[in-house]
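Okay, structure first, notes after.
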Amino acid sequence: MILIIHAHPYPQRSRAIRAMLDAVRDLPGIEVHSLYDQYPDFDIDVAAEQAALVRADLVVWLHPMYWYSVPAMLKHWFDVVLLRGWAFGEAGDALHGKFCLWVTTTGGRESSFTETGAHQVPFAEFVAPIRQTAIFCGMEWEPPLVVHGAHAISADEIAAAALAFRERLRAWTPAPQAADDSWRPNDFE
Amino acid sequence: MILNDALIYLAAAVICVPIAWRFKLGAVLGYLIAGILIGPWGINLVSDVDSIMHFSEFGVVLMLFVIGLELEPKRLVTMRKSVFGGGSLQLGFTGSALAATATAAGLGWKAAVVVGLALALSSTAIAIATMTERNFLTTPTGQSGFAVLLFQDIAAIPLLAVIPLLGIAAASTDGTDEPGWLAAAEAFGAIAMVIVIGVYFTRPLLRLVARTNLREVFTSVALLLVIGIAQIMSFVGLSMGLGAFLAGVLLASSEYRHALETDIEPFKGLLLGLFFISVGMGIDFGLLESQPGKVAILVIGFLAVKLAMLWLTARIIGVTSRQRWLFAILLSQGGEFGFVVFGAAQTAGVLSREWADLLNITVALSMTTTPLLLLLHDQWITRVECAGGAKADADEISDTSPRVIIAGFGRFGQIIGRLLFANGINAVVLDHDPDQIELLRKFGYKVFYGDATRPDLLHAAGAARATLIVNAIDDVKESLLLAEIVRDHFPGLKMIARARNVMHLVELRSRGVDVIERESFEAALKAGRHTLEALGIDRFRARDMANIFRRHNVRDLEALVPVFKDEASRVSAVKAGRDELAALFAHDREQFEAEHSSKDWH
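Okay, structure coming up:
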């Protein structure tokens, strides 16, 4: 089962993330948790979330980048669901061997993630905390899917990104990935 | 005649007790001095000391009833070790040491044993009244003292029973020719009767009376209950106080506990005062005049031996070193049972009249020394503390009383109570609807019957020590009355109030209540959110809108409070508020669109 943890505060207002989500909804074996919709008061049902994670083979974190990180709700989800003794620490092996795919969108173009750009460092530096979160929980890190410049790209480009996401999930099998687990820039710009 | 006596007693108490209090001597000493002043050796205003003493002993009975009310059977079971362990230790040590001293003073062994044990008993009335006065009864040391006193009350019964057997004129003195087994059977029967009354009859009766809403009838029933039980016990020759204590314990877990306590309290206080006065009157200063040296030696010797033995007991039962002397002083005096024992021993021929008189004055004088010794102890402790720079051991004060009081346990109060209970937070719950209480008790809630708008009942519920009170009363008038009472009588008690409507909120605010929740506001807001969601708005966005509405509404309401009673300014304030809200939402929409337009990338 593929579990999509979807975090967008106003899904109806979303452009890119909504297109991505809509593209994969009808795939078999998909379960979507829309955190802002299910827990608008941040009252996350930890037991239900953990149970879904246990059932999942692949966990997808799907959200727009907010201030170089995940939206507040997904951070809260990390805090209350990925607990010591469950996701990490002693006997914390519930997620061991599962796979994790990060799918996100950014406002800036990839070129702005350089020393001279507005964001001053390569995007890979912002990947590190998310990647380490998954790895610390014993999950296998899949090459992430990042849509840069979602602010400016055309509807066609968004559709292409959504289709690529759909293909990733459709073709996904729980096999060990190739040694290449570093972040790769996407080519949807 | 009765009124005349009452006039004298009340006047003496009203004059002496506040003066004693002013000089920090404590109320007990004030009463004792009042008694000495109006007694036969003072200005001799009252002569019939014995009958007054007899009557006022009922104050001790009422006191034991109230103490029993505060002791649930469960707690009594956990106390059994300190009652029987600490109690027997104290009685054994002190009794044998005093008996040895008495033998040395020239008494025969039988008399010495009786005198030793009788003097080992302390005055429940003085010790507990003093501990309550100093708010000491709930501390661990106070509890140990109480356990010892309780054991003494139990031990006094066989002691009294044994005296006639020791005497020369055993059988002939009074009409106790009935065989021992019959007396024992009667005693068991009486105790069983008290238990049956306490467990099966009292609560339905109290519920019935409570439903009539006639306060004085409830008070009458409370008094009837205690007097009736005392009579049953005295009929078979058992301690009235013990019976009342038992009845109190049996009612301790009932919903009427606080109401009973409140109703009995004034009678207890008055009669106990009268008891102390009669002790003061009973001191035979004639003996002090004729044999001052002998009396002084007796009092000093008695106190020295008893204090030493009590200190030793305190050490063994684990009283902290700093409080051992306090424990010893509190229990150092001779008890009222002493008078009874010496009387019985004299009748039985075990004790000579001369000795009985001497011992009586020793006990009476030792009662007056307790407050004085405590004063000395306080000064000494202050000096030691100041010298050592140490702080008072605050950690030793174990407050057994809950920190939260919930007034009103209907739809609103219940949710608060359940939230607290589920988290292990103890709360005293007060409600005045007997049917409601019965229903809630069936579900296992501890709810007490009582009108929370009575200051004395609030006091009994621990309002003076509690941190906060939840005012969840649904009747607006009563709720406002409670707010006033808490403001006037318990200024340190924080209040969290439920308002039925805006008018109610304004009235509560004008009575100084800070934290107020309108009972329907949050629920309506939540329903509003669901409505927005049903119209297709994102759930998190619906939450934003409700949050904006709440913030604005609360701010508007607070602005409205000062002008609420003037209709014209209220209407204009409400209109302005409505326009403001519309503008606020328009602004929010604009900002939201700017941030999350569909042209955006998210």
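Chains as they are written, first to last, in this note's numbering: chain A, 1 to 189; chain V, 190 to 791.
All C-beta atoms in this analysis are idealised placements derived from N, C-alpha and C, irrespective of residue type, glycine included.
The structure displayed is predicted, hence computed values, not measured ones.
>> Can you confirm whether the stretch 727 to 744 of chain V touches the stretch 691 to 701 of chain V when touching is taken to mean that 3 or more C-beta pairs between the two stretches lie within less than 8 Å?
In response: no
>> Just to confirm my understanding: we take P64(A), look at its own chain, exclude 5 residues before and 5 after, and list those with CB closer than 6 Å. What are they?
In response: I17, T105
> Skipping 5 residues on each side, what residues in its chain have a beta carbon closer than 8 Å to that of V484(V)?
Replying inline: L476, L477, L547, I550, T551, L554
> From which residue to which residue does the beta strand (DSSP E) around M684(V) run?
Replying inline: 683 to 688
> What is the residue span of the alpha helix (DSSP H) that A446(V) lies within?
Replying inline: It should be noted that the sequence gives Arg, not Ala, for residue 446(V). It spans 446 to 471 - the alpha helix (DSSP H) in which R446(V) sits, taken as one unbroken run.
>> Restricting to runs no shorter than 3 residues, where is the beta strand (DSSP E) found entirely within the stretch 646 to 706 of chain V?
In response: 657 to 660, 683 to 688
>> I'd like the ranges of any alpha helix (DSSP H) spanning at least 4 consecutive residues and lying wholly in the stretch 700 to 771 of chain V.
In response: 710 to 723, 728 to 749
>> Buried or exposed, going by whether 16 or more other CB atoms sit within 10 Å of the CB of I614(V)?
In response: exposed
> chain A partners of F407(V), CB-CB under 9 Å?
Replying inline: By Cβ distance, chain A contributes nothing, its closest Cβ being about 46 Å from F407(V), past 9 Å.
>> For A436(V) and F254(V), which I take to be in contact (beta-carbon distance under 8 Å), what is that distance rounded to the nearest angstrom?
In response: 6 Å
>> According to DSSP, simplified to helix, strand and coil, what is E140(A)?
In response: strand
>> Please tell me whether R572(V) has its Cβ less than 8 Å away from any Cβ of chain A.
In response: no
>> Can you look up A596(V) in the DSSP assignment and give me helix, strand or coil?
In response: strand
> How should R25(A) be labelled, buried or exposed, when 16 other C-beta atoms within 10 angstroms of its C-beta is the threshold for buried?
Replying inline: exposed
> DSSP three-state call for R400(V): helix, strand or coil?
Replying inline: helix
> Given that Q37(A) touches chain V, what residues does it touch there, using C-beta distances under 8 Å?
Replying inline: According to the sequence shown, residue 37(A) is Asp rather than Gln. Those are D727, R728, F729, listed as they occur along chain V.
> Hey, A596(V) and L619(V) are a contact pair by Cβ (cut 8 Å); roughly how many whole angstroms apart?
Replying inline: 5 Å
>> If you follow the beta strand (DSSP E) that L619(V) is in, where does it begin and where does it stop?
In response: 616 to 620
>> Excluding the 5 residues flanking V272(V) on each side, which residues of the same chain have their C-beta closer than 7 Å to its C-beta?
In response: A336, L339, F340
> Mind pulling the chain V residues with CB within less than 7 Å of D41(A)?
Replying inline: R732
>> With H, G and I counted as helix, E and B as strand and the rest as coil, what does DSSP make of R643(V)?
In response: coil
> Which partner residues does C100(A) have in the DSSP bridge list?
Replying inline: V59(A), W141(A)
>> Give me, in chain order, the residues of the same chain whose beta-carbon lies closer than 6 Å to that of T451(V); leave out the 5 immediate sequence neighbours on both sides.
In response: D645, L646, A649
> G578(V) to A503(V), Cα distance in whole Å?
Replying inline: Confidence is the limiting factor: at G578(V) the pLDDT is only 44, short of 50, which leaves the residue's position unreliable, though a coordinate-based value still follows. Cα-Cα distance, rounded: 25 Å.
> I416(V) and M382(V): beta carbons closer than 8 Å?
Replying inline: no
>> Could you give the first and the last residue of the continuous alpha helix (DSSP H) run that contains S837(V)?
In response: Because chain V here runs from 190 to 791, residue 837(V) falls outside it and cannot be looked at.
> Whose CA, out of M429(V), D745(V), A379(V), lies closest to the CA of F249(V)?
Replying inline: Looking at the sequence provided, one finds Val at residue 249(V) rather than Phe. Checking every option, the nearest Cα to that of V249(V) belongs to M429(V).
>> Contact criterion: CB-CB distance below 8 Å. Does P11(A) meet it with respect to chain V?
In response: yes
> Does the stretch 521 to 528 of chain V touch the stretch 300 to 317 of chain V, meaning 3 or more C-beta pairs lie closer than 8 Å?
Replying inline: yes
>> Considering only the alpha carbon of each residue, which of L403(V), E769(V), S285(V), A202(V) lies closest to R740(V)?
In response: E769(V)
> Taking Cβ to Cβ, would you say L394(V) is nearer than 8 Å to V410(V)?
Replying inline: yes
> For the candidate residues K666(V), L214(V), L192(V), whose alpha-carbon lies nearest to that of D567(V)?
Replying inline: L214(V)
> Given that L785(V) touches chain A, what residues does it touch there, using C-beta distances under 7 Å?
Replying inline: Looking at the sequence provided, one finds His at residue 785(V) rather than Leu. Simply Y10, R13.
> Alpha carbon to alpha carbon, how far is V539(V) from G532(V)?
Replying inline: 10 Å
> Under the rule that 16 or more other beta-carbon atoms within 10 Å means buried, what is F424(V), buried or exposed?
Replying inline: exposed
> What does T105(A) pair with, by DSSP beta-bridge criteria?
Replying inline: P64(A), V147(A)
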